[in-house]
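These notes are about the structure you will find just below.
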Amino acid sequence: MTTSTLETSSDKKPIILAAGFPASGHSKNLVHVANHLSRRGFTVYCITADEFKSSLKQNGVSFIHHPFPWQGRDVPPADDPTMVGGKAFAYAFKRAFIDSTPTAHRLINSTLERLHVEHPTRKIVILHEICFMGLMPYLYGAPLPKGYSSLPPILSVHTSIDARTDFEVPPFGPGLPYDPTPENLALWRSIYASMEPIATDMNDYLNATLKSLGATRDVSGFGFLLDALFDIGKTTFLFTTHSTDYPPRRKPSKLRYIGGLPVPPVSTSLALPDWWDSVLLPNSELASSSPDKKRVVFVTQGTVHLNYDDLIIPSLKAFASRKDLIVIAVLGVKGAKLTSPSDPGFPKSLPSNAYILQSFPYDAILPHADVFITNGGYNGYMHGIMNGVPMIMAGMDADKGEVSARAEYAGIAVNLKTQRATEEMLLGAVDKILGDKRFKEKVMALKADNEACDPLGDVEKSVLEEGAVNGHSNGHS
């Protein structure tokens, strides 16, 4: 994977204002790009979560804290049995994302005004993660920041699948398989029709929020709110290739598939557990034909959905007696403890083949793994692809059912189609992957496809083009 050699003197490069929703899965790729652009000589400011502060500052990026407290707001009331499917999605989206709009808008407004004062003659390009909601009021009539006659150009990044309305693919949400028979095409349209009341409710909620911030027009021309989010920037970058999605469709489009971000080197200062050198590395050094060689299963539930009864605990129990496996579980959060809401006594003792880490970089483990068990989060999906590891997916929340369906379609994963996996499901899925070399062959092909791209160079080139084309100090008055 190469990086663009396009060079421009630092004082002629536009200032980059990167802005992401303050959750790890939403901002991780944005931060990767922001750090890269800073190393390439751009002046970069980044609005995101505190967890990225150290990384950004080490790379010379000016960190701006996004204070919106989103954690837990996306969890529907447990005592409402109707809060499922589209209704649950709308509840979560309104409370986590739309409700963040006032905070995000005030934050980016004050930052743009600050940049105008500090850099009155410099051009600005906004690099925007699509769930950062702070720009939307401007697009629908809210007053511009002081000193601006127009908004700086916007390039968007997205950290999940193409979720726009499209009657040629299954509707976003239920994780239906891609099989465009006439019967399924009719079914998909009927599902879209059934979702219209929910879409209207979400749009009304958004419009009321935007008007409270000075917007003068409703969001219109989009059937569903997600379509409007994909339309904010001149271009919306997806950090993957089309080979990881359903067949190409709907051209022309603002959407650009630019390939998976390169796997960063593992830090030499990473604190490794004792068993790393005594168990994992010696096993990895064995020839694949060695009778002593064990297969490595890596399991995680990401960083948000952390009821370990869903996936990690069933995995530990399922493989406890498998002497041919090494099982590594990452809990996803620093300080996390392995607990089971359904079995308070678990674990009395860990299986002898199991090793637990609280928070740990996936890219350190995946080169040693034969199977990656995940809850279908998009970042985990791309980590698996970029490391060439076949996957087992069990997740239905948010976008996870859709990500899992695409992984299954690509032939690189077993999709369990559930939020809570059973031991039997997991045993069968691991044996299926280990017993069929096509899973490994296909994921290696997708790895090569993505590695042939230059996503960082593509974003950098687009930033320079936008800074040059929109050259009148980006609307500073």
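So the mapping is simple: the numbering used here equals the position in the sequence shown, first residue as 1, plus 637.
Cβ atoms here follow ideal geometry from the backbone N, Cα and C, with glycine treated the same way.
Supposed close pair residue i, residue j - CB separation, criterion 8 Å
i	j	result
V967	F956	Contact doesn't hold; Cβ gap of about 15 Å is too wide.
S977	Y945	6 Å
L788	G771	The Cβ separation is near 12 Å, so there is no contact.
F769	A656	5 Å
M773	V900	M773 to V900, Cβ: 33 Å. No contact.
F1009	F935	5 Å
S1163	D1086	Outside the shown range of the chain, which is 638 to 1114, sits residue 1163, and nothing can be said about it.
T1011	G1021	7 Å
Y992	P884	About 40 Å; that fails the 8 Å criterion.
M1019	T877	6 Å
V794	E833	Not quite, the Cβ-Cβ distance comes to about 29 Å (not below 8 Å), so this is no contact.
S996	K971	5 Å
L752	S1099	No, L752 and S1099 are not in contact; Cβ-Cβ is about 20 Å, not under 8 Å.
Residue i versus residue j - alpha carbon distance
i	j	result
E1102	L654	16 Å
A800	D864	8 Å
I735	L875	22 Å
P919	A1042	35 Å
M1028	A1050	4 Å
D929	L923	8 Å
I828	N821	10 Å
K1084	N666	17 Å
D841	G1072	51 Å
L749	P782	7 Å
L1063	P951	8 Å
H673	L1093	7 Å
D1007	K931	9 Å
A823	L917	51 Å
E591	D980	Residue coverage of the chain in this structure runs from 638 to 1114, which leaves residue 591 outside it and unanswerable.
A973	L1053	26 Å
D1034	V754	43 Å
I994	K649	Rather than Ile, the amino acid found at residue 994 in this sequence is Leu. Those two C-alpha atoms are separated by around 45 Å.
K1074	S664	34 Å
A741	F705	8 Å
E1078	S857	45 Å
F679	V806	39 Å
G1038	P780	39 Å
W707	G1104	33 Å
T905	A1001	11 Å
G982	A845	48 Å
S747	I895	32 Å
H1005	P814	31 Å
F730	K760	33 Å
R710	A727	12 Å
T940	K848	33 Å
D816	F1076	20 Å
Y999	A1058	21 Å
H756	Y1015	37 Å
V681	L764	10 Å
W913	N990	13 Å
S831	P819	19 Å
P808	H703	31 Å
T802	G812	14 Å
T719	G784	48 Å
Q938	S786	46 Å
M902	R676	What sits at residue 902 in the sequence shown is Pro, not Met. Each residue's Cα considered, the two are about 16 Å apart.
D882	I701	34 Å
A1044	T837	31 Å
Identity of the residues DSSP links to residue i by a beta bridge
i	result
N1052	M1030
Y992	I965
E688	DSSP output for E688 lists no bridge partner at all.
R893	F874
V903	Beta-bridge pairing links V903 to no other residue.
T853	Bridge partners of T853: none, in fact.
A655	C683, L764
I701	I684
L792	L764
I745	Answer is none; I745 lacks a bridge partner.
F1009	F935, M1028
Interface flag, residue i vs chain D, CB-CB below 8 Å
i	result
D1086	In the displayed structure, chain D is absent; only one protein chain is listed.
(request) Please list the segments of the alpha helix (DSSP H) lying wholly inside the segment 905-962, counting only runs of 4 or more residues, in order along the chain. (result) 918-922, 949-955
(request) Determine contact between the segment 719-734 and the segment 683-702, defined as no fewer than three beta-carbon pairs at a distance below 8 Å. (result) no
(message) Which runs of the alpha helix (DSSP H) at least 4 residues long sit entirely within the segment 747-776? Give them in chain order.
(response) 773-776
(request) Answer yes if the segment 681-690 comes into contact with the segment 711-718, meaning at least three C-beta pairs across the two stretches below 8 Å, and no otherwise. (result) no
(request) Please confirm if the segment 852-872 is in contact with the segment 890-910, defined as three or more CB-CB distances below 8 Å between the two stretches. (result) yes
(request) Quick one: which unbroken beta strand (DSSP E) runs of 3-plus residues sit fully inside the segment 791-841? Chain order, please. (result) 791-795
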